[in-house]
Amino acid sequence: MVWLMPIPALLAALWSRWLPGARWVTVLAALLGFALALVGAHNILHGRNLPTPQSWIGLDALGAVFALLTAFLGVTASLYSGPYIAHHLAHVTDPRAGLRRYYVYFNLFLASLLAVPLMQQPALAWVTVELTTLFSIFLVGFDGSKPALEAAWKYAVITIMGATVAALGFFLLLWGLQRAGGGPQTFAALVQASPLMNPLLRKVAFALILFGFGSKIGLVPIHTWLPDAHSQAPTPVCALLSGIEVSLILYVVMRLLPVFIGIPGLHLEHWLSVIGLVSVGVAAFLLLQVHDY
Numbered sequence: 067m068v069w070l071m072p073i074p075a076l077l078a079a080l081w082s083r084w085l086p087g088a089r090w091v092t093v094l095a096a097l098l099g100f101a102l103a104l105v106g107a108h109n110i111l112h113g114r115n116l117p118t119p120q121s122w123i124g125l126d127a128l129g130a131v132f133a134l135l136t137a138f139l140g141v142t143a144s145l146y147s148g149p150y151i152a153h154h155l156a157h158v159t160d161p162r163a164g165l166r167r168y169y170v171y172f173n174l175f176l177a178s179l180l181a182v183p184l185m186q187q188p189a190l191a192w193v194t195v196e197l198t199t200l201f202s203i204f205l206v207g208f209d210g211s212k213p214a215l216e217a218a219w220k221y222a223v224i225t226i227m228g229a230t231v232a233a234l235g236f237f238l239l240l241w242g243l244q245r246a247g248g249g250p251q252t253f254a255a256l257v258q259a260s261p262l263m264n265p266l267l268r269k270v271a272f273a274l275i276l277f278g279f280g281s282k283i284g285l286v287p288i289h290t291w292l293p294d295a296h297s298q299a300p301t302p303v304c305a306l307l308s309g310i311e312v313s314l315i316l317y318v319v320m321r322l323l324p325v326f327i328g329i330p331g332l333h334l335e336h337w338l339s340v341i342g343l344v345s346v347g348v349a350a351f352l353l354l355q356v357h358d359y
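Position one of the sequence shown corresponds to residue 67 (the working numbering), numbered consecutively onward.
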């Protein structure tokens, strides 16, 4: 049943495109997604419906945590979207067209976010992460102003470049899995086969994935798009971008960390700690220069 989590938001996107009542349909879809996430978490607590190493789609304990967070933030963002977007579009020539466009992309964005924790297959996880980026690009530029369009363009260029680099890393890992004896192309299979994989191949894959997904997370020095994109996005969308999209990308990286732990000479923990501290330090320094809150 957990695979149904993104479906209500997908249906709400279709409804919003052609039928009235998009605001409350969106809220209902978000509530249904949250209810399905609760059901999935309840099943995991009782040891039911756990994914097998062969499962491409499923929900385990780590995925359930992120699914619940995503679904909860989806509910709060959908509730706030109603009054926010109505006020935002109050003075435009055709507010109905703007409302339809907003709710279509909002629901597609939420559906793709809810799909990420379900993916037990690396390639599918990469696809769903890229879908979150694709739909959020349209929401960042939703306002249509020059700053919003510039922010959306910068966001698209940098993160699509990062997606290509990360895809090369995923390809190397799956190729290494086949050379190590094959098996189902899942995160669990990658972890089991990692001791048999070439250490150099794993190092290169780690560097590619960290750089590629680091551009989406906003790690220094590939962070320049993030302040503009998050500030130009509608407030409910900014909440999803800051509150969960970045965390979901980190979630995918976390699923891969056991593959890279123990590689001679990599010092994974040191690299991640240094990059994280530098990113936080640069963000704190830039924050001191901000005067327009």
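Backbone N, C-alpha and C fix where the C-beta goes; we use that ideal spot for every residue, glycine too.
At a Cβ threshold of 7 Å, is residue i touching chain B?
| i | result |
| --- | --- |
| L128 | The question asks about chain B, but that chain is absent: this structure has only one protein chain. |
Here's the rule I'm using: 16 or more other beta-carbon atoms within 10 Å means buried, otherwise exposed. How should residue i be labelled?
| i | result |
| --- | --- |
| S202 | buried |
| G235 | buried |
| A163 | exposed |
| M344 | The displayed chain sequence assigns Val, not Met, to residue 344. Under this definition V344 is an exposed residue. |
| S54 | Nothing can be reported for residue 54, as the shown portion of the chain is limited to 67 through 359. |
| W81 | buried |
Which residues in the same chain as residue i place their Cβ atom closer than 8 Å to its Cβ, once the five residues preceding and following it in sequence are excluded?
| i | result |
| --- | --- |
| S147 | R89, T92, Y168, Y169, F172, P300, P302 |
| L334 | F272, L323, F326, I327 |
| I329 | P265, R268, K269, F272 |
| D294 | P213, E216, A217, K220, Y221 |
| A130 | A103, G106, A107, I110, P183 |
So, at 6 Å on beta carbons, what are the nonlocal neighbours of residue i in its own chain, with the 5 sequence-adjacent residues on each side left out?
| i | result |
| --- | --- |
| S121 | Q186 |
| G284 | L292 |
| L240 | Q251 |
| Y317 | F132 |
| A259 | L243, A246 |
Under the three-state reduction of DSSP, which class applies to residue i: helix, strand or coil?
| i | result |
| --- | --- |
| I327 | coil |
| I288 | coil |
| G210 | coil |
| D294 | helix |
| R114 | coil |
| H336 | helix |
| V344 | helix |
| N109 | helix |
Can you tell me which of the options puts its alpha carbon nearest to the alpha carbon of residue i?
| i | options | result |
| --- | --- | --- |
| H289 | T136, L314, V346, S144 | V346 |
| T199 | A349, L334, L314 | L314 |
| T142 | L155, A96, F277, L174 | A96 |
| L243 | P265, H154, I110, E196 | P265 |
| L128 | F351, L332, R321 | R321 |
| T230 | G140, G248, A259, L276 | L276 |
| T225 | F237, S211, W192, F100 | W192 |
Please list, in chain order, all residues of the same chain as residue i whose beta carbon is under 7 Å from its beta carbon, the five residues on each side excluded.
| i | result |
| --- | --- |
| L190 | W122 |
| P213 | Q298 |
| H157 | none |
Which residues does DSSP list as the beta-bridge partners of residue i?
| i | result |
| --- | --- |
| I123 | M185 |
Should residue i be listed as close to the ligand COA, given that the test is whether its C-beta is under 6 Å from any heavy atom?
| i | result |
| --- | --- |
| H154 | The model on display carries no ligand, and the ligand COA is accordingly not part of it. |
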